[in-house]
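Trainee: Following this message is one structure expressed as structure tokens.
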Amino acid sequence: MGATSFMHEVGPEFGMALQITNIVESARQTLAPVGNTLSDTWAALIGDRVAAWRVKNAAAIQMAVDGEVKALGLKIDRAKIPERYAMTWFEEATKQDEPEIHQLFARLLARAAAGDEDAADRRHLEVLTHFTPKDAQVFHWYFAREAEGRQTFLAEHGVWADVRNELGNDSWMSIEHLLALGVLERRFDVVSREGGFMGRDEWAASADLTSTERGMSLYRACKPAAAEE
24 MGATSFMHEV
34 GPEFGMALQI
44 TNIVESARQT
54 LAPVGNTLSD
64 TWAALIGDRV
74 AAWRVKNAAA
84 IQMAVDGEVK
94 ALGLKIDRAK
104 IPERYAMTWF
114 EEATKQDEPE
124 IHQLFARLLA
134 RAAAGDEDAA
144 DRRHLEVLTH
154 FTPKDAQVFH
164 WYFAREAEGR
174 QTFLAEHGVW
184 ADVRNELGND
194 SWMSIEHLLA
204 LGVLERRFDV
214 VSREGGFMGR
224 DEWAASADLT
234 STERGMSLYR
244 ACKPAAAEE
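The following block contains the structure:
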């Protein structure tokens, strides 16, 4: 099953508000000759199994998109979604089969269709492809602690203790992953401590965690509706 038939099989029955197949239709027509060529290679390499898996994912994420449009109360306009963004979103979103990640992709698309500049930044799509469900949980947990629109510097050891206590011991791995993805960053500060050796002040490095501009933008684009927070 090639790219052409794949997009048609999802069909309009999965929702009328913002159909994910329609947002890529014009770009699909442009790419049709390439898609027909690729379909033979696709079938030869992996047959229909992966294609069917992505159709199933597309159906699930369509339901998520419909739910987010309703929950966020948005006025959508497909024309606000650039074709390049639409194709990238569709390509990456249908590779996901975890509800937590579907939800993040759905919020991005819904807000992008409403003209939200943060959600329309296609760099966020690449970041979300690396998220695990645990990453998504820790991502929301961390940014819910920050005042919206403001960077907050939190002592790393305090974050380490709190996130493990609230979300489990494996949650620190997600903090490390968010650091690697550029969603969070670690900053060091040198502080003076009184009463050191021979009564002299001592200097020590203190590590803090804070959100990056990318991280704050991604959270604005993916945060839940106010009633869900």
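Residue numbering for the sequence shown is 24 to 252, as defined by the numbering used here.
Glycine is no exception: its CB is placed at the ideal position from the N, C-alpha and C atoms.
Bear in mind that the values here come from a model prediction, so they are computed numbers and not experimental data.
1) What is the DSSP secondary structure of Gly58, reduced to helix, strand or coil?
2) Using only CA atoms, which one of Val213, Arg209, Trp164 and Val206 lies nearest to Asn188?
3) For Thr233, does the three-state DSSP call read helix, strand or coil?
4) Is the CB-CB distance between Lys157 and Ser194 below 9 Å?
5) Please classify Glu115: does DSSP put it in a helix, a strand, or coil?
6) Going straight from the alpha carbon of Asp120 to that of Met239, what length do you get?
7) Given Met196, which residues of its chain have a CB within under 6 Å of its CB, disregarding the five upstream and five downstream residues?
8) In whole angstroms, give me the CA-to-CA distance for Arg107 and Ala142.
9) Spatial neighbours of Phe176 within its chain, please: CB distance less than 8 Å, with the 5 preceding and 5 following residues excluded, ordered by chain position.
10) Determine whether the beta carbon atoms of Ala87 and His125 lie at a separation below 9 Å.
11) Alpha carbons only, please: which of Gln85, Val161 and Val78 is nearest the one belonging to Leu190?
12) Do Trp112 and Arg77 have their beta-carbon atoms positioned less than 9 Å apart in this structure?
13) Excluding the five sequence neighbours on either side, which residues of its own chain have a C-beta within less than 8 Å of the C-beta of Arg130, listed in chain order?
14) Ordered along the chain, which non-local residues of its own chain (more than five positions away) have a Cβ less than 6 Å from that of Val182?
15) Given this structure, state the Cα-to-Cα distance separating Pro35 from Thr117, to the nearest angstrom.
16) Using a Cβ-Cβ cutoff of less than 6 Å, which residues in the same chain neighbour Ala135 once the five nearest sequence positions on both sides are dropped?
17) List the endpoints of the continuous alpha helix (DSSP H) containing Ala159.
18) Since Glu189 is in the alpha helix (DSSP H), which residue starts that stretch and which ends it?
19) For chain D, find out if any of its Cβ atoms is closer than 9 Å to the Cβ of Ile104; answer yes or no.
Mentor: This is what the structure holds:
1) Only weak support is given to the placement of Gly58: the predicted model assigns it a pLDDT of 48, under 50, and the value that follows is read from those uncertain coordinates. In this structure, Gly58 counts as helix in the three-state DSSP scheme.
2) Trp164
3) strand
4) yes
5) helix
6) 25 Å
7) none
8) 14 Å
9) Arg210, Asp231, Leu232 and Thr233
10) yes
11) Val161
12) no
13) Glu91, Leu95, Ala142, Ala244, Cys245, Lys246 and Pro247
14) Leu232
15) With a pLDDT of only 38 at Pro35, under the threshold of 50, the placement of this residue in the model should not be trusted; the figure read from the coordinates follows. Distance between the alpha carbons of Pro35 and Thr117: 16 Å.
16) Ile104, Ala142 and Ala143
17) Pro156 to Ala167
18) Glu179 to Leu190
19) Here chain D cannot be found, since the structure has a single protein chain.
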